[in-house]
Amino acid sequence: MNRAEILTDRILEKIKGQNVKVKREDILKRMRLLVEEFKVPESEAVRTITNYLVREYGVSREGLMERASPLVKISGITKPNQWVSLKAKVVQLWDSNSPNVSQVGLIGDETGIIKFVIWSKADVPEVEEGKSYLFQNVVTDSFQGRMQVNLNRTSRIVEIDEDIQLPPREIDVIGAIVSFQQNSGLIKRCNECGRVLVKGVCQVHGKIDGYDDLRIKAVLDDGESVYEVILNEENISSLTGVNLEKALEIAKENLDRNAVLAELKNKLLGRYFRVKGLRGGRYLLVQDIEHYKPSIEEFEEILEALA
Ligand SMILES: [Zn+2]
Numbered sequence: 052m053n054r055a056e057i058l059t060d061r062i063l064e065k066i067k068g069q070n071v072k073v074k075r076e077d078i079l080k081r082m083r084l085l086v087e088e089f090k091v092p093e094s095e096a097v098r099t100i101t102n103y104l105v106r107e108y109g110v111s112r113e114g115l116m117e118r119a120s121p122l123v124k125i126s127g128i129t130k131p132n133q134w135v136s137l138k139a140k141v142v143q144l145w146d147s148n149s150p151n152v153s154q155v156g157l158i159g160d161e162t163g164i165i166k167f168v169i170w171s172k173a174d175v176p177e178v179e180e181g182k183s184y185l186f187q188n189v190v191t192d193s194f195q196g197r198m199q200v201n202l203n204r205t206s207r208i209v210e211i212d213e214d215i216q217l218p219p220r221e222i223d224v225i226g227a228i229v230s231f232q233q234n235s236g237l238i239k240r241c242n243e244c245g246r247v248l249v250k251g252v253c254q255v256h257g258k259i260d261g262y263d264d265l266r267i268k269a270v271l272d273d274g275e276s277v278y279e280v281i282l283n284e285e286n287i288s289s290l291t292g293v294n295l296e297k298a299l300e301i302a303k304e305n306l307d308r309n310a311v312l313a314e315l316k317n318k319l320l321g322r323y324f325r326v327k328g329l330r331g332g333r334y335l336l337v338q339d340i341e342h343y344k345p346s347i348e349e350f351e352e353i354l355e356a357l358a
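Pasting the structure below:
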């Protein structure tokens with residue numbers, strides 16, 4: 052979609068609730084003329100067309116005003132289908148396996164951490180880990196029993212010059228790695244954006260050679276809760292002795308990149324670890340991870356809880 056179409060659909064979105072029969076083609080034609088032909092600034096083009104709709108179709112001007120959703124804290128998000136705005140820091144970006152999703156990860160403020168999904172059709176800039184943003188007009192959603200926020204075509208992202216603090220929820224957990232999730236092991240990342248390639252394809256940049264990396268997405272169970280954790284090359288190498296170089300050797304010897312995954316599973320699955328990090332709901336942002344040998348009593352306790 053080009054800019055004229057995006058702007059047109061934004062206007063249509065806003066007058067959807069009003070009982071007016073405006074043809075998309077009609078608005079689009081005017082928008083193209085203004086934006087593409089006459090190079091009128093977008094805000095002015097939108098204003099001109101707004102005036103036209105008010106005049107010709109009796110569209111209510113109030114309904115067309117940009118109304119920002121109320122600013123809330125993450126802990127205040129408890130119901131789906133609410134339009135809100137948030138000031139938050141991007142704490143982690145994940146790889147999206149869907150072409151419909153442009154970015155997915157975790158954002159946090161001092162009250163909590165929540166998953167966010169930016170749909171591809173949203174017209175917003177890419178966010179970066181560690182930076183803080185105003186996320187405007189996002190919609191709350193509940194997925195598999197957990198709250199998240201989605202960004203779509205009416206959402207906005209503005210980088211802010213403010214270092215949003217994360218919840219002071221440092222935790223220290225002892226648990227077992229009970230499963231590996233998809234795209235773990237010896238992976239390839241896109242040279243352009245760092246996303247994990249799926250079958251040699253970056254969902255933004257298409258078919259690309261990419262570069263090798265090691266990472267594991269795992270589920271850690273401490274008997275009370277399960278946490279999703281991501282281990283990077285440094286974590287993996289310190290726990291298993293398999294660094295990137297070694298992993299490439301294993302893949303070469305076996306003529307199979309999956310041999311690395313098998314080796315890592317062998318060394319990590321079902322074992323106990325002590326993890327220090329930040330907790331946000333189900334997610335545990337790993338700061339430090341080491342092998343842990345439970346005492347007999349602890350071991351029995353864990354087994355009991357796992358049963
Ligand atoms: Zn890419």
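In my numbering, the protein residues as written are 52 to 358.
Glycine included, C-beta positions come from ideal geometry on N, C-alpha and C.
Just so we're clear, the structure is a prediction, and the values are computed from it rather than from any experiment.
Per the coordinates, the alpha-carbon of residue 345 lies some 8 Å from the alpha-carbon of residue 323. The distance from the Cβ of residue 142 to that of residue 158 is about 6 Å, consistent with a contact at the 8 Å cut-off. Taken from the Cβ of residue 243, at least one heavy atom of ligand 1 lies inside 7 Å. Burial check for residue 246: the Cβ neighbour count within 10 Å reaches 16 or more, so the residue is buried. Beta-bridge partners assigned by DSSP to residue 329: 221 and 336. Proximity to residue 60 across 173, 156, 133 and 135 peaks at 173, based on C-alpha coordinates.
Annotated as proximal: residue 185 and residue 136, with beta-carbon spacing under 8 Å. In the pairwise beta carbon analysis, the region 265-273 is classified as touching the region 309-329: at least three pairs are separated by under 8 Å.
A distance below 8 Å between beta-carbons, with the five flanking residues on each side excluded, links residue 311 to the following residues of its chain, in chain order: 236, 237, 265, 293, 298, 301 and 302.
Look at the beta carbons and you see the region 209-221 not touching the region 188-199: under three pairs across the two are nearer than 8 Å. When rounded, the separation of the alpha-carbon atoms in residue 295 and residue 144 is 21 Å. Residue 147 is classed as buried because its beta carbon has at least 16 other beta carbons within 10 Å across all chains shown. By the Cβ neighbour-count rule, residue 206 is buried, with 16 or more other Cβ atoms within 10 Å of its own.
The beta-bridge partner set that DSSP reports for residue 269 consists of 231 and 280.
For residue 188, the secondary structure class from DSSP, reduced to helix, strand or coil, is strand. Less than 8 Å divides the Cβ of residue 99 from the Cβ of residue 85. Residue environment: residue 108 is assigned as exposed (fewer than 16 neighbouring CB atoms within 10 Å of its CB, all protein chains considered). For residue 266, the shortest C-beta to heavy atom distance toward ligand 1 is 7 Å or greater. Assigned with DSSP and collapsed to three states, residue 246 falls in coil, not helix or strand.
For residue 247, the Cβ stays outside the 7 Å cut-off from all heavy atoms of ligand 1.
Assignment of beta-bridge partners to residue 342 by DSSP yields 324. Rounded to the nearest whole angstrom, the CA to CA distance from residue 233 to residue 314 is 16 Å.
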